[in-house]
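First the structure, in the form of structure tokens, and then the observations on it.
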Amino acid sequence: MTPELWDPVTATMRPLTDFRSSESSTRLTLDFAAAQSCFVVFRKAGSKPEPTIRNFPVRNEVVQIAGAWKVSFDPAWGGPEKPVDFANLDDWTSRPEPGIRYYSGTAVYHTTFDAPQAQNIESYLDLGLVRHLARVRLNAQDLGVVWCAPWGVTLPAGLLKPTGNRLEVAVTNVWANRMIGDEQEAPDCEWRPGHMGNGGYLKRFPEWFVKAQKRSSPGRYTFTTWNYYNRDSKPVSSGLLGPVRVMTADCKQEQSTMAGMLIPESLSNATAEDAFEADLPPTERLLPISALAESGAMGALGGGTDASAIRNRTTRNGSNRAPSADDGKTFRAYGQGNSLLIQLDLSSSPGGLPLEEIRSFAGHADSRASQAYSVWIAKAEKPDQFVRIGDASITANSGATQLRVPIHAKGVAAVRLDFATGPIGFKVYREICLIRSNP
11 MTPELWDPVT ATMRPLTDFR SSESSTRLTL DFAAAQSCFV VFRKAGSKPE
61 PTIRNFPVRN EVVQIAGAWK VSFDPAWGGP EKPVDFANLD DWTSRPEPGI
111 RYYSGTAVYH TTFDAPQAQN IESYLDLGLV RHLARVRLNA QDLGVVWCAP
161 WGVTLPAGLL KPTGNRLEVA VTNVWANRMI GDEQEAPDCE WRPGHMGNGG
211 YLKRFPEWFV KAQKRSSPGR YTFTTWNYYN RDSKPVSSGL LGPVRVMTAD
261 CKQEQSTMAG MLIPESLSNA TAEDAFEADL PPTERLLPIS ALAESGAMGA
311 LGGGTDASAI RNRTTRNGSN RAPSADDGKT FRAYGQGNSL LIQLDLSSSP
361 GGLPLEEIRS FAGHADSRAS QAYSVWIAKA EKPDQFVRIG DASITANSGA
411 TQLRVPIHAK GVAAVRLDFA TGPIGFKVYR EICLIRSNP
């Protein structure tokens with residue numbers, strides 16, 4: 011199946027082109043902005059990946075819209091009567107004018123700019139940072155509302171002109187600042203202490219409210235039955251904060267981002283906990299190990315005194331298929347917070363050893379037959395510096411699982427596995443093998 015990216019914020023759907031698929035899984039890289047989320051949907055028959063086309067285009071700045079902006083506020087809510095010139099994209103709360111510092115509502119930014127490098131292609135207007143939402147119009151075309159990061163809109167092909175582009179951004183902030191501004195004025199109602207540590211209840215509806223008269227404190231614009239703020243409350247950051255830039259998208263890449271990515275082969279068999287006993291590699295293919303060191307709080311089951319259970323050359327306990335015993339000789343219980351450090355024996359090869367693959371086996375009567383860990387390796391040239399090379403996982407309801415994790419690294423001195431916990435706790439690892447590369 012071909013992966014598609016569905017963006018619930020922009021209501022757009024598009025194919026993802028750089029991916030790798032196997033019979034049981036699809037792997038691809040996702041490049042999200044902070045706090046961004048999307049759906050990856052599989053609904054169409056498979057097509058071949060296009061590894062030279064990025065899943066997420068790289069955006070390049072072609073114009074930074076710097077210079078003065080003219081900003082219009084609504085005087086009906088305490089804003090300035092006339093448009094104000096902003097030399098920079100200032101936070102409203104940093105301005106000296108009370109009508110801006112304590113303004114709540116919508117203010118409209120206007121500017122014009124040139125885009126000499128404009129082409130008849132789709133581009134992107136990046137607003138930088140907005141507090142708290144904005145409606146964007148360019149050359150009289152409404153481009154919609156943005157209310158969360160990433161703060162920007164797509165510019166259709168042909169909309170951008172080489173000169174004289176007219177940009178309008180209507181920014182709306184939250185109500186708090188106007189209420190804090192009102193607290194700078196004389197009070198015109200009475201309050202009872204609240205029970206939540208700040209604020210208070212309205213003691214009674216004031217006479218001017220009941221009789222629909224003018225307020226006795228005419229500088230106030232808001233009225234509430236709970237006093238949320240006082241005159242010393244800090245105003246909330248507001249406005250178009252930028253930087254505002256026109257960006258173009260580069261979708262090309264020289265090679266797939268999946269190139270060299272750790273992509274394990276995963277196998278599962280629900281018939282027995284030792285179903286992959288025959289897949290244990292021959293002894294001559296195993297790298298020599300000088301020491302094993304565990305860290306973290308070990309699971310109670312299979313505790314034992316050392317990690318020999320995961321390199322005793324069998325996934326079974328006792329004779330043939332005897333049930334697992336809590337004796338530390340059958341398995342190791344690894345979960346979140348557990349690490350296994352495997353030091354290789356470099357006595358015959360001080361420059362490190364060639365590691366082709368990590369092959370791990372797990373098995374249990376429930377979902378603790380699953381596996382999940384991240385892989386770190388250290389080279390002989392820097393034996394104390396571990397580099398994370400990827401993650402490996404497989405989920406199963408019961409039986410046995412096997413992970414074959416390709417490494418293809420030379421000069422390896424040590425391997426560290428950092429384990430993750432499954433839905434019902436630790437996972438039951440029966441054997442972990444480091445396989446040397448063929449000569």
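Residues in the sequence shown are numbered consecutively from 11, following my numbering.
Note that beta-carbon positions come from the ideal geometry of N, C-alpha and C, so glycine has one too.
For clarity, every value in this text was computed on a predicted model and none was experimentally measured.
Can you round the beta-carbon distance between Tyr231 and Trp87 to whole angstroms, since I take them to be within the 8 Å contact cut?
6 Å
Count the other CB atoms within 10 Å of the CB of Pro59; is the residue buried (16 or more) or exposed (fewer)?
buried
Using the three-state DSSP reduction, which class does Phe233 fall into: helix, strand or coil?
coil
Whose CA, out of Leu15, Trp79, Phe436, Leu444, lies closest to the CA of Gly252?
Trp79
Tell me, please, which residues DSSP counts as bridged to Arg398.
Trp386
Thinking C-beta only, is Phe52 closer than 8 Å to Met23?
no
On the DSSP bridge assignment, give the partners of Asp349 in chain order.
Strictly speaking, residue 349 in this sequence is Ser, with Asp absent from that position. According to DSSP, Ser349 bridges with Ser305, Asp428.
Helix, strand or coil: how does DSSP classify Asn187 here?
helix
Just the Cα atoms here: how many angstroms apart are Asp17 and Cys158?
13 Å
Quick check on the burial criterion: 16 or more other C-beta atoms within 10 angstroms. Buried or exposed for Gln381?
buried
Residue span of the beta strand (DSSP E) that contains Ile442, given as start and end
437-446
So what's Ala379 in DSSP terms, helix, strand or just coil?
helix
Who are the Cβ neighbours of Asp376 in its own chain at under 6 Å, not counting the five residues just before and after it?
Ser408
Using alpha carbons as the reference points, say which of Leu15, Tyr439, Ser133 lies closest to Phe341.
Tyr439
Would a C-beta distance cut-off of 8 Å place Gly162 and Leu137 closer than the cut-off?
yes
When you compare the stretch 393-401 with the stretch 364-372, are there three or more beta-carbon pairs, one atom per stretch, that lie closer than 8 Å?
no
Could you tell me if Ile387 is buried or exposed, where buried requires 16 or more neighbouring beta carbons within 10 angstroms of its beta carbon?
buried
With a threshold of 8 Å on Cβ separation, who are the neighbours of Pro13 within its own chain once the five nearest residues in sequence on each side are excluded?
Pro25, Leu26, Phe29, Thr36, Leu38, Val50, Val51, Phe52
Beta-carbon separation (whole angstroms), Ser349 vs Gly306, contact threshold 8 Å:
6 Å
Which residues bound the beta strand (DSSP E) around Pro203?
201-203
Hey, quick one: how far does the alpha helix (DSSP H) through Gly109 stretch, first residue to last?
108-111
Given the structure, does Thr411 come close to the ligand ATP, in the sense that its CB is under 7 Å from one of the ligand's heavy atoms?
Although the ligand ATP was asked about, the structure shown includes no ligands whatsoever.
Under a Cβ-count criterion, where at least 16 other Cβ atoms within 10 Å of its own Cβ denotes burial, should Ala310 be classed as buried or exposed?
In this prediction, Ala310 has a pLDDT of 40, which is less than 50 and means its spatial position is unreliable; nothing more can be read from the coordinates.
Backbone secondary structure at Ala86 - three-state DSSP
helix
Tell me which residues share the same chain as Leu165 and place their Cβ nearer than 6 Å to its Cβ, disregarding the 5 neighbours each side in the sequence.
Ser133, Leu135
Between the C-alpha atoms of Lys171 and Phe123, what's the straight-line distance to the nearest angstrom?
9 Å
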